[in-house]
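Our numbering numbers the first residue of the sequence shown as 1 and each following residue consecutively.
Think of the CB as a built atom: it goes at the ideal place given N, C-alpha and C, for glycine as much as any other residue.
Owing to the predicted nature of the structure, the values given are computational and were not obtained by experimental measurement.
Accompanying notes for the structure given below.
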Amino acid sequence: MNTQNKADNIQCLTRVRNFGKNLLCNNSFSTNSLRLIKFCLYITFFYGVTLLLAEFYDNPFSSIGDFAILVSHWLMIEVVVFGLFYIISINKYVFSVSFPIIMVLSTIIAYYRYTLHLTLMPEVIELLLENDLRTSIDLVSWQLILWIIISFTVSFFVTIHRFRIKQIPCKWFHCIISFLIIFVPLNMEMSINAIAKRIPYSIFFTVAEYIDNHRSVASERPDFDGLVKCNTDTMTVVFIIGESLRASSMQINGYERETTPLLCKEKNVVSMSNIYSDYNLTHLSIPHFMTRSDERHPDRAYTERSFVSLMKHAGYSTAWLANQESIKSFLYFMKECDRLKYVSSGKVSYIYDKWLDTDLLPYLDDELRRKEPRKLIILHTVGSHWYYNTHFTDEYQKFIPVTNSKILSSNTFEQIRNSYDNTILFSDYFWNQVIKRLKKRNAVLIYLSDHGECMGEDGHFIHGSVDNEPQHLPGCFVWYSDIFASKYHDKVDALLFNKDKRYKSYFLFHSILDAADIKTEYIDNHLNIFTR
Ligand SMILES: [Zn+2]
Numbered sequence: 001m002n003t004q005n006k007a008d009n010i011q012c013l014t015r016v017r018n019f020g021k022n023l024l025c026n027n028s029f030s031t032n033s034l035r036l037i038k039f040c041l042y043i044t045f046f047y048g049v050t051l052l053l054a055e056f057y058d059n060p061f062s063s064i065g066d067f068a069i070l071v072s073h074w075l076m077i078e079v080v081v082f083g084l085f086y087i088i089s090i091n092k093y094v095f096s097v098s099f100p101i102i103m104v105l106s107t108i109i110a111y112y113r114y115t116l117h118l119t120l121m122p123e124v125i126e127l128l129l130e131n132d133l134r135t136s137i138d139l140v141s142w143q144l145i146l147w148i149i150i151s152f153t154v155s156f157f158v159t160i161h162r163f164r165i166k167q168i169p170c171k172w173f174h175c176i177i178s179f180l181i182i183f184v185p186l187n188m189e190m191s192i193n194a195i196a197k198r199i200p201y202s203i204f205f206t207v208a209e210y211i212d213n214h215r216s217v218a219s220e221r222p223d224f225d226g227l228v229k230c231n232t233d234t235m236t237v238v239f240i241i242g243e244s245l246r247a248s249s250m251q252i253n254g255y256e257r258e259t260t261p262l263l264c265k266e267k268n269v270v271s272m273s274n275i276y277s278d279y280n281l282t283h284l285s286i287p288h289f290m291t292r293s294d295e296r297h298p299d300r301a302y303t304e305r306s307f308v309s310l311m312k313h314a315g316y317s318t319a320w321l322a323n324q325e326s327i328k329s330f331l332y333f334m335k336e337c338d339r340l341k342y343v344s345s346g347k348v349s350y351i352y353d354k355w356l357d358t359d360l361l362p363y364l365d366d367e368l369r370r371k372e373p374r375k376l377i378i379l380h381t382v383g384s385h386w387y388y389n390t391h392f393t394d395e396y397q398k399f400i401p402v403t404n405s406k407i408l409s410s411n412t413f414e415q416i417r418n419s420y421d422n423t424i425l426f427s428d429y430f431w432n433q434v435i436k437r438l439k440k441r442n443a444v445l446i447y448l449s450d451h452g453e454c455m456g457e458d459g460h461f462i463h464g465s466v467d468n469e470p471q472h473l474p475g476c477f478v479w480y481s482d483i484f485a486s487k488y489h490d491k492v493d494a495l496l497f498n499k500d501k502r503y504k505s506y507f508l509f510h511s512i513l514d515a516a517d518i519k520t521e522y523i524d525n526h527l528n529i530f531t532r
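As structure tokens, then:
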């Protein structure tokens, strides 16, 4: 038994040793494989301090702790960048093709990030490919071409260096390790978003999102049938989609701070102070008030067209002016409009320079100048979205001190509240600018925020991470011109009668059609604020 066991043990040990030898592939593993890993570490570091830094350099921080968090994010992305360079460098021919492509594309994106603060987003791709080729050509400067030449030259020398590393043994082993380095962080909820929005992975994820968005818009929704009639020849309807504005932080609703002084002075303003949104996130909320969706038919948000189509049937010229990125869940409605303009292409919540709703005004002026007598203009604003300080100018920094860190917990409650209230003050100015432009018209403006915001309730802030009541109570108001008031006093009376009533945000679809003086069987008067 002993002799047999010993022989078995020796055989087993030999197998393990051989496996180990195969795995290490004799001495060449420790030389060539280590050279390859070192090579990848060097190029990852180089990429990190040149191109990847473009995604971080303007992030605000106020303490060593904040800086450490930023560095940890940078490091996390560096890890997956290392995984990418590692996997492509296993085969020198794959490397020689893919590395220059990654470098040149990253260089172009980093260039626009440094110079124009643009981020790669589906809208940017659309702008380049579809919207306005002339504008795209304008964006090509000699500096950009110089950057590309430098990037290509660097890639060329790096590729030569890769060719100097001879035979890499155990390629499958390197493949598994590099695959794990990439796919473990990409499958973690805490890191996927940060990685997908930044180079080099943003190249892949944004193109995929662009294709996916197009597919979803291409799936046609049936048009409304039946009679649609408009009783007025001339009318301007403006719908402002607000962002993260809670009704209780508006002075017009009794908030103790002067956050909406101009709105309070305006005579034809009715604040709908008791609106409830079933949803507390932009992409979930918008499809439900754009369509005939309600509690019993939430599916309509994803299967039916919006009020835009009905208004087009009624002879309205329609436009969507976007100061926010498009999201798949409501892109369909943006495309439903006759015209779609992106005002803020390339701005995402990772960017911390000014991102203001007043940028919409020149585009609004263009729309108002158009000859069509019936107009629907939708303004999708960025309003009071976190990071608050980017959404108001210095002139509107009335409540101080404001936040000085993008890490929420590094700021005090007062700082967060001050910054938030300043965004409302700036929105008040923006609304005033829109109203001014509409005063001499037969016009009505409806403002509805997509959802509310948490301001310290139960120790929580902003929206989305936990779900509580303040996030479901959005700000909402209606303004109408004197001409509108004289023409439609029944509607105005009904509006004043209904102003404190609790409506769910589904009211919007029905009410905006009635405000536009449209008669259609699709209006449900129970959800119409312009009727008693
Ligand atoms: Zn939102």
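Within the same chain, show all residues whose beta-carbon is closer than 6 Å to that of L23, passing over the 5 residues directly before and after it, in chain order. Within the sequence shown, residue 23 is the residue found at index 23, counting from 1. Note on L23: pLDDT 49, under 50, position unreliable in the model; the coordinate value appears next. Cβ neighbours of L23 beyond the five flanking positions: none.
For a test of the three-state rule: what should DSSP assign to W553, helix, strand or coil? Given a span of 1 to 532 for the chain in the structure shown, any question on residue 553 remains unanswerable.
Beta carbon proximity, I102 to chain C, threshold 8 Å: Annotation note: the requested chain C is absent from the structure, which comprises a single protein chain.
Comparing C-alpha positions only, which one of S141, I165 and V124 sits nearest to R35? Position 35 of the sequence shown holds residue 35. Ranking S141, I165 and V124 by Cα distance to R35 puts I165 first.
How big is the Cα-Cα spacing for N498 and H526? On the sequence shown, position 498 is the one that residue 498 refers to. On the sequence shown, position 526 is the one that residue 526 refers to. The alpha-carbon atoms of N498 and H526 are separated by roughly 11 Å.
Sub-8 Å separation of A322 and V343 beta-carbons: Numbered from 1 along the sequence shown, position 322 holds the residue referred to as residue 322. Numbered from 1 along the sequence shown, position 343 holds the residue referred to as residue 343. In contact: A322 and V343 (Cβ atoms closer than 8 Å).
What's the call for I252, buried or exposed, on a 16-neighbour Cβ count within 10 Å? In the sequence shown, counting from the first residue as 1, residue 252 sits at position 252. Burial state of I252 is buried, judged by a 10 Å Cβ sphere holding 16 or more other Cβ atoms.
Measure the alpha-carbon distance for Y522 versus G226 and round it to whole angstroms. For the purposes of this step, residue 522 is identified with residue 522 of the sequence shown, where counting begins at 1. For the purposes of this step, residue 226 is identified with residue 226 of the sequence shown, where counting begins at 1. Taking the straight line joining both Cα atoms gives about 9 Å.
Using a Cβ-based criterion (distance less than 7 Å to any ligand heavy atom), does L508 qualify as near ligand 1? Sequence index remark: in the sequence shown, residue 508 carries index 508 (1-based). Set against 7 Å, the gap from the CB of L508 to the closest heavy atom of ligand 1 is not smaller.
Return yes when at least one heavy atom of ligand 2 lies under 7 Å from the C-beta of H451, else no. Ligand 2 is absent from the structure shown, which contains only ligand 1.
Within 10 angstroms of the Cβ of R134, are there 16 or more other Cβ atoms? Answer buried if so, exposed if not. Position 134 of the sequence shown holds residue 134. Confidence in R134 is poor, its pLDDT being 47 and thus under 50, which makes the residue's placement unreliable; the coordinate value appears in the next sentence. By the 10 Å Cβ count, R134 comes out exposed.
Under 8 Å, with one C-beta from each stretch per pair, do the stretch 441–453 and the stretch 462–479 reach the 3-pair mark? With the cut-off at 8 Å, the stretch 441–453 and the stretch 462–479 touch.
When you compare each of L425, R417, I108 and H380 to C264 by their alpha carbons, which one comes out closest? By 1-based counting over the sequence shown, the position of residue 264 is 264. Across the set L425, R417, I108 and H380, the C-alpha of L425 shows the shortest separation from the C-alpha of C264.
Give the secondary structure of F224 by DSSP, where H, G and I count as helix, E and B as strand, and everything else as coil. As a first step, residue 224 must be located in the sequence shown, where it is residue number 224. For F224, the three-state secondary structure derived from DSSP is coil.
Return helix, strand or coil for R134, following the three-state DSSP convention. Sequence index remark: in the sequence shown, residue 134 carries index 134 (1-based). Its pLDDT being 47, under 50, R134 is placed unreliably in this model, and the value from its coordinates should be taken loosely. Three-state result, R134: helix.
Is it right to say G456 is buried, meaning 16 or more other beta carbons lie within 10 angstroms of its own, or is it exposed? One-based indexing of the sequence shown puts residue 456 at position 456. It is exposed - the Cβ of G456 has fewer than 16 other Cβ atoms within 10 Å.
Does the Cβ of L544 have 16 or more other Cβ atoms within 10 Å, making it buried, or fewer, making it exposed? The requested residue 544 is not part of the displayed model; the chain covers only 1 to 532.
Using 7 Å as the cut-off, classify the Cβ of T381 as near or not near the heavy atoms of ligand 1, replying yes or no. Numbered from 1 along the sequence shown, position 381 holds the residue referred to as residue 381. Not under cutoff, so the answer is no.
Could you tell me if Q415 is buried or exposed, where buried requires 16 or more neighbouring beta carbons within 10 angstroms of its beta carbon? Locating residue 415 in the sequence shown gives position 415, counting from the first residue. So Q415 counts as buried.
Is it true that the stretch 331–339 meets the stretch 400–417, where meeting means three or more beta-carbon pairs spaced less than 8 Å apart? With a cut-off of 8 Å, the stretch 400–417 and the stretch 331–339 do not count as touching, because too few Cβ pairs lie within range.
Quick check: is any heavy atom of ligand 1 less than 7 Å from the C-beta of E372? In the sequence shown, counting from the first residue as 1, residue 372 sits at position 372. For E372, the CB stays at least 7 Å from every heavy atom of ligand 1.
Going by DSSP, name the residue or residues bridged to Y480. Locating residue 480 in the sequence shown gives position 480, where the first residue counts as 1. When DSSP reads this structure, Y480 sits in a beta bridge with V444.
Cβ distance (whole Å) where A494 is taken to contact F530 below 8 Å: Counted from its first residue, the sequence shown places residue 494 at position 494. Counted from its first residue, the sequence shown places residue 530 at position 530. Yes, A494 and F530 are in contact; Cβ-Cβ is about 5 Å, under 8 Å.
For a minimum of 3 consecutive residues, which ranges assigned as the beta strand (DSSP E) are wholly contained in the stretch 221–303? Within the stretch 221–303, the complete beta strand (DSSP E) runs of at least 3 residues are 228–230, 235–242 and 269–271.
Going by DSSP, name the residue or residues bridged to P474. Mapped onto the sequence shown, residue 474 falls at position 474. R246.
Three-state secondary structure assigned by DSSP to W147: For the purposes of this step, residue 147 is taken as residue 147 along the sequence shown, with counting starting at 1. Helix.
The alpha helix (DSSP H) enclosing L496, as first and last residue numbers: On the sequence shown, residue 496 is found 496 positions in, with the first residue counted as 1. That run of the alpha helix (DSSP H) goes H489 to N498.
Decide if I241 is buried, meaning its Cβ has at least 16 other Cβ atoms within 10 Å, or exposed. For the purposes of this step, residue 241 is taken as the residue at position 241 of the sequence shown. Buried: at least 16 other Cβ atoms inside 10 Å.
Candidates D294, W74, G254 and I90, of which the one nearest F56 by Cα: Within the sequence shown, numbered from 1, the residue matching residue 56 stands at position 56. When only C-alpha atoms are compared, the closest one is W74.
Within the present structure, is the beta-carbon of E55 separated from the nearest heavy atom of ligand 1 by less than 7 Å? Numbered from 1 along the sequence shown, position 55 holds the residue referred to as residue 55. No, ligand 1 has no heavy atom inside 7 Å of this Cβ.
Just curious, the beta strand (DSSP E) that T318 is in, first and last residue? Translated into positions along the sequence shown, residue 318 becomes position 318. Annotation for T318: the continuous beta strand (DSSP E) segment containing it runs S317 to A322.
Go through its chain and collect everything with a Cβ distance to I548's Cβ below 6 Å, but skip five positions before and after it. What is shown of the chain runs 1 to 532, which leaves residue 548 out entirely.
Residue ranges of each alpha helix (DSSP H) run of no fewer than 4 residues wholly in the stretch 89–115, ordered along the chain? Whole alpha helix (DSSP H) segments, 4+ residues: 92–115.
Assess, as a yes-or-no matter, whether the stretch 45–64 is touched by the stretch 192–203 under the definition of 3 or more beta carbon pairs within less than 8 Å. Touching, yes.
Can you list, in chain order, the residues of its chain whose CB lies under 7 Å from that of L84, leaving out five sequence neighbours each side? On the sequence shown, residue 84 is found 84 positions in, with the first residue counted as 1. Excluding positions up to five away in sequence, the list reads I182 and P200.
Spatial neighbours of E453 within its chain, please: CB distance less than 6 Å, with the 5 preceding and 5 following residues excluded, ordered by chain position. Mapped onto the sequence shown, residue 453 falls at position 453. S244, R246 and H463.
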